[in-house]
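Structure record follows, encoded as structure tokens.
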Amino acid sequence: MTVEAGFDIEADGTDPQQSLGTAAARNLATTTKSAPQMQGISSRWLLRMLPWVQVNGGTYRVNRRLTYSVGRGRVSFAQTADRVQVVPPTLCELPLLRGFSDEGVLAALAERFTQREFAQGELLTEVGRPADQVYLVAHGKINKLGDGKYGDQTVLGVLADGDHFGDEALVEEDAAWGYTAMAATSGTLMVMPRQAFQDLIDRSPELLVQVAQFLASAQQSTNNHGEAAIEMAAGHEGEIDLPGTFVDYELSPREYELSVAQTVLRVHSRVADLYNQPMNQIEQQLKLTIEALRERQEHELVNNPEFGLLHNADHEQRIHTHHGPPTPDDLDELLARRRDTSLLLAHPRTIAAFGRECNRLGLYPETVELQGSRVPAWRGVPVLPCNKIPITDGHTSSILAMRLGEHNQGVIGLQQTGLPDEVEPSLSVRFMGINEKAVISYLVSAYYSAAVLVPDALGVLENVEIARPRD
1 MTVEAGFDIE ADGTDPQQSL GTAAARNLAT TTKSAPQMQG ISSRWLLRML PWVQVNGGTY
61 RVNRRLTYSV GRGRVSFAQT ADRVQVVPPT LCELPLLRGF SDEGVLAALA ERFTQREFAQ
121 GELLTEVGRP ADQVYLVAHG KINKLGDGKY GDQTVLGVLA DGDHFGDEAL VEEDAAWGYT
181 AMAATSGTLM VMPRQAFQDL IDRSPELLVQ VAQFLASAQQ STNNHGEAAI EMAAGHEGEI
241 DLPGTFVDYE LSPREYELSV AQTVLRVHSR VADLYNQPMN QIEQQLKLTI EALRERQEHE
301 LVNNPEFGLL HNADHEQRIH THHGPPTPDD LDELLARRRD TSLLLAHPRT IAAFGRECNR
361 LGLYPETVEL QGSRVPAWRG VPVLPCNKIP ITDGHTSSIL AMRLGEHNQG VIGLQQTGLP
421 DEVEPSLSVR FMGINEKAVI SYLVSAYYSA AVLVPDALGV LENVEIARPR D
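Going by this note's numbering, the sequence shown opens with residue 1, and the numbers climb by one from there.
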């Protein structure tokens with residue numbers, strides 16, 4: 001160190017420290033800190049909006065009027081390279097094969113389908129022409145076209161992966177196409193002529209019986225929802241014999257058992273004893289664990305194969321977008337399929353894609369107030385974000401439409417309150433003891449499920465393109 005003009009100068013030329021530094025001062029200070037934060041917490045609108053029904057016995061039974069099952073599910077396919085094959089058991093989704101159990105006949109039937117590629121804009125069937133083939137859509141999108149009242153062509157519906165059409169040709173000799181089918185995209189069809197089916201019937205007595213049963217059940221008196229009709233008379237005069245009737249019920253109604261999400265929280269006793277100020281360590285650990293458990297609960301309510309909403313929507317309530325991105329027309333069609341739609345649920349990226357379509361058309365969706373928040377809406381129905389709805393292959397997703405409430409024959413959540421050591425409705429935290437390593441354990445359990453009371457309470461807009469088009 002050198003001395004010049006009465007000042008101390010460090011060897012490196014810098015001025016010496018003249019006061020206590022902040023790093024050292026912090027050793028004597030009390031730090032102000034936040035509670036533990038967690039990035040994985042979402043808005044969880046589904047859990048907030050579902051009306052929760054108490055299930056005291058752990059099981060909820062949905063009783064319905066008797067409905068005649070007619071199939072109309074989705075057929076599945078196996079693909080090896082560019083070769084596509086029908087998965088035989090899924091042929092039971094064809095109406096006349098509903099409930100058919102002979103796997104050998106189904107396998108023989110699957111082998112009779114031949115693969116056919118089609119191009120965008122290709123005419124596949126034409127209205128009025130003989131219908132002598134059944135088509136299974138392995139991949140791609142097809143528009144069903146018909147003539148409007150004033151001569152213009154209208155889109156009657158959209159068929160996509162797993163859908164089928166022309167199955168009525170298998171049992172009707174003089175069947176004719178009631179619509180024109182035109183390819184909206186390129187894709188793959190599996191095709192079987194009526195004659196190939198007839199040859200198999202001639203060799204399979206069981207299949208012949210199944211076809212006869214289907215034709216007999218087709219004559220059953222039903223309403224337009226497939227329910228057994230309630231006979232009645234109206235608009236008559238005088239003394240006539242009134243029809244007798246009764247309301248029949250399903251003999252084997254569906255039952256929903258409460259599912260569970262669980263984890264074991266472990267905290268060392270030394271942490272709980274010595275490091276509990278100013279925040280309770282066990283309390284903060286439980287808080288974040290419960291948040292993660294609720295996130296998993298919402299994920300299961302959407303994606304669980306047994307009771308998840310995406311897997312339990314009726315196939316008649318599933319529709320496809322007309323052009324790919326979610327347009328106002330697509331949402332209008334989704335809303336039109338049920339009364340009193342309570343909410344629309346979509347991934348945040350799907351909501352953004354819908355906003356882009358509205359911007360392109362010069363439309364400005366309204367907002368509504370819901371539980372103290374302003375949320376986007378369409379036709380007065382809230383459009384709520386749910387990041388648990390999956391995005392397939394990075395560019396397609398789904399939009400759910402729901403009518404809610406037990407009183408409204410809608411979608412409900414199922415729970416059981418009053419559990420031992422309950423800290424939130426249907427969620428308990430139970431002390432499991434302290435092991436020989438002085439670790440305290442708590443069992444954290446959440447019980448839940450969801451039920452769709454009638455099929456039209458839940459609808460899905462599928463194959464929604466959310467990727468932004470290239471400028």
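Cβ atoms here follow ideal geometry from the backbone N, Cα and C, with glycine treated the same way.
Check your understanding: When the Cα of Ala450 is compared with those of Ala377, Ala313, Ile351 and Leu335, which residue comes out closest?
Key -> By one-based count along the sequence shown, residue 450 stands at place 450. Nearest of Ala377, Ala313, Ile351 and Leu335 to Ala450, Cα basis: Ala313.
Point to revise | First through last residue of the alpha helix (DSSP H) which encompasses Leu361 | key: Numbered from 1 along the sequence shown, position 361 holds the residue referred to as residue 361. First-last of the alpha helix (DSSP H) with Leu361: Pro348 to Leu361.
Check your understanding: Are there 16 or more other CB atoms within 10 angstroms of the CB of Ile399, so buried, or fewer, so exposed?
Key -> Position 399 of the sequence shown, counted from the first residue, corresponds to residue 399. Ile399 is buried by the Cβ-count criterion.
Point to revise | For Gly459: DSSP bridge partner residues | key: Position 459 of the sequence shown, counted from the first residue, corresponds to residue 459. Answer is Ala401.
Exercise for review: Could you check how far apart the C-beta atoms of Glu291 and Ile41 are, in whole angstroms? I think they sit under 8 Å.
Suggested key: Counting from one through the sequence shown, the residue named residue 291 turns up at place 291. Counting from one through the sequence shown, the residue named residue 41 turns up at place 41. Yes, Glu291 and Ile41 are in contact; Cβ-Cβ is about 5 Å, under 8 Å.
Check your understanding: So what does DSSP say about Thr30, is it helix, strand or coil?
Key -> Numbered from its first residue, the sequence shown carries residue 30 at position 30. Here Thr30 sits in coil by DSSP.
Review point. For Ala110, which residues of its own chain have a beta-carbon under 8 Å away from its beta-carbon, when the five flanking residues on both sides are left out?
Key: Mapped onto the sequence shown, residue 110 falls at position 110. So the list reads Gln85, Val86, Val87, Pro88 and Leu91, once near-sequence residues are dropped.
Exercise for review: Can you check DSSP and say which residues form a bridge with Asn143?
Suggested key: Along the sequence shown, read from residue 1 onward, the residue named residue 143 stands at position 143. Paired residues: Val158 and Met182.
Check your understanding: Rounded to whole angstroms, how far is the Cβ of Ala169 from the Cβ of Ala175, which I believe are closer than 8 Å?
Key -> Translated into positions along the sequence shown, residue 169 becomes position 169. Translated into positions along the sequence shown, residue 175 becomes position 175. Confirmed, about 5 Å.
Review point. Tell me the DSSP bridge mates of Trp378?
Key: Looking up residue 378 in the sequence shown gives position 378. Trp378 pairs with Val381.
**Study point:** Segment limits, beta strand (DSSP E) that includes Ser269
**Key:** In the sequence shown, residue 269 corresponds to position 269, counting from 1. No beta strand (DSSP E) holds Ser269; the alpha helix (DSSP H) holding it covers Ser269 to Leu274.
Exercise for review: Excluding the 5 residues preceding and the 5 following Gln18 in the sequence, name in chain order all residues of the same chain whose CB lies nearer than 7 Å to its CB.
Suggested key: The residue given as residue 18 occupies position 18 in the sequence shown. Hits under 7 Å: none found.
Point to revise | Environment of Ser426 [buried if 16+ CB atoms lie within 10 Å] | key: Numbered from 1 along the sequence shown, position 426 holds the residue referred to as residue 426. Ser426 should be labelled buried.
Practice item. Please work out which residues of its chain come closer than 8 Å, Cβ to Cβ, to His164, disregarding the five sequence neighbours upstream and downstream, and give them in chain order. Key: Mapped onto the sequence shown, residue 164 falls at position 164. The answer, listed in chain order, is Val75, Glu93, Leu94, Val134, Tyr135, Leu136 and Val137.
Point to revise | Straight-line Cα distance separating Leu145 from Asp152 | key: Position 152 of the sequence shown, counting from 1, holds the residue named residue 152. Position 145 of the sequence shown, counting from 1, holds the residue named residue 145. If you take the alpha carbons of Asp152 and Leu145, they lie about 10 Å apart.
Review point. Counting Cβ pairs, one atom from each stretch, are 3 or more of them under 8 Å apart for the segment 418-435 and the segment 368-376?
Key: no
Point to revise | Residues of its chain near Gly73, where Cβ-Cβ distance is below 6 Å and the 5 sequence neighbours each way are ignored | key: The sequence position of residue 73 within the sequence shown is 73, counting from 1. Contacts found: Glu93 and His315.
Review point. Taking Cβ to Cβ, would you say Gly308 is nearer than 8 Å to Ala401?
Key: Residue mapping note: residue 308 aligns to position 308 of the sequence shown, counting from 1. Residue mapping note: residue 401 aligns to position 401 of the sequence shown, counting from 1. Contact flag unset, no.
Exercise for review: Could you please give the first and the last residue of the uninterrupted beta strand (DSSP E) stretch that includes Glu333?
Suggested key: Counting from one through the sequence shown, the residue named residue 333 turns up at place 333. That residue, Glu333, is in no beta strand (DSSP E); its alpha helix (DSSP H) goes Pro328 to Ala336.
Exercise for review: Whole angstroms is fine: what's the gap from Ser269's alpha carbon to Glu300's?
Suggested key: By 1-based counting over the sequence shown, the position of residue 269 is 269. By 1-based counting over the sequence shown, the position of residue 300 is 300. Computed Cα separation, rounded: 33 Å.
Point to revise | Between the CA atoms of Thr114 and Thr125 - distance to the nearest angstrom | key: For the purposes of this step, residue 125 is taken as the residue at position 125 of the sequence shown. For the purposes of this step, residue 114 is taken as the residue at position 114 of the sequence shown. Between Thr125 and Thr114, the C-alpha separation is close to 17 Å.
**Study point:** Identity of the residues DSSP links to Glu424 by a beta bridge
**Key:** Counting from 1 along the sequence shown, the entry for residue 424 is found at position 424. Leu427.
Point to revise | DSSP state of Ala477 mapped onto helix, strand, coil | key: Residue 477 falls outside the range modelled here, since the chain spans only 1 to 471, and no answer is possible.
Practice item. Taking Gln85 as part of the alpha helix (DSSP H), name the residues at either end of that continuous run. Key: In the sequence shown, residue 85 corresponds to position 85, counting from 1. Taken as a continuous stretch (DSSP letters only), Gln85 belongs to no alpha helix (DSSP H), being part of the beta strand (DSSP E) at Arg83 to Val86.
Point to revise | Cβ-Cβ distance between Met49 and Leu343 below 8 Å | key: Taking the first residue of the sequence shown as position 1, residue 49 is located at position 49. Taking the first residue of the sequence shown as position 1, residue 343 is located at position 343. Yes, they are a contact pair.
**Study point:** Boundaries (first-last residue) of the alpha helix (DSSP H) holding Thr22
**Key:** On the sequence shown, position 22 is the one that residue 22 refers to. Thr22 to Ala25 is the span of the alpha helix (DSSP H), which, as asked, contains Thr22.
Check your understanding: Do Ser186 and Phe77 have their C-beta atoms closer together than 8 Å?
Key -> Residue mapping note: residue 186 aligns to position 186 of the sequence shown, counting from 1. Residue mapping note: residue 77 aligns to position 77 of the sequence shown, counting from 1. No, Cβ-Cβ distance for Ser186 and Phe77 is not below 8 Å.
Check your understanding: Mind checking Ser69: buried by the 16 CB within 10 Å criterion, or exposed?
Key -> As a working note, residue 69 is residue 69 in the sequence shown. Here the model assigns Ser69 a pLDDT of 47, short of 50, so the residue's position is not dependable and the matter cannot be decided.
Review point. Hey, is Val137's beta-carbon within less than 8 Å of any beta-carbon in chain C?
Key: No chain C is present in this structure, which holds just one protein chain.
Practice item. Following the continuous beta strand (DSSP E) through Val444, name the residue where it begins and the one where it ends. Key: Residue mapping note: residue 444 aligns to position 444 of the sequence shown, counting from 1. Taken as a continuous stretch (DSSP letters only), the beta strand (DSSP E) holding Val444 covers Val439 to Val452.
Check your understanding: So which of Arg65, Leu20, Asp456 and Ala35 has the shortest CA-CA distance to Pro253?
Key -> Translated into positions along the sequence shown, residue 253 becomes position 253. Measuring from the Cα of Pro253, the nearest candidate turns out to be Arg65.
Check your understanding: To the nearest angstrom, how far is it from the Cα of Glu357 to the Cα of Pro326?
Key -> Position 357 of the sequence shown holds residue 357. Position 326 of the sequence shown holds residue 326. Answer to the nearest angstrom: the Cα atoms are 7 Å apart.
Check your understanding: Buried or exposed: Pro278, going by 16 or more other Cβ atoms within 10 Å of its Cβ?
Key -> Taking the sequence shown and counting its residues from 1, the one referred to as residue 278 is at position 278. Per the 10 Å Cβ criterion, exposed.
Point to revise | Neighbourhood of Val452 by C-beta, 6 Å cutoff - its chain only, sequence neighbours within 5 removed | key: Against the sequence shown, residue 452 aligns to sequence position 452. If we look at Val452 and ignore the five residues flanking it on each side, its Cβ neighbours are Asn312, Val411 and Leu458.
Check your understanding: Of the choices Ser259, Ser445, Ile351 and Glu298, whose alpha-carbon is the least far from that of Arg468?
Key -> Along the sequence shown, read from residue 1 onward, the residue named residue 468 stands at position 468. Comparing Cα-Cα distances from Arg468 to each of Ser259, Ser445, Ile351 and Glu298, the minimum goes to Ile351.
Check your understanding: Leaving out the 5 sequence neighbours to the left and right, which residues in its chain are closer than 6 Å to Phe354 when beta-carbon positions are compared?
Key -> The residue labelled residue 354 in the question sits at position 354 within the sequence shown. Pro326, listed in sequence order.
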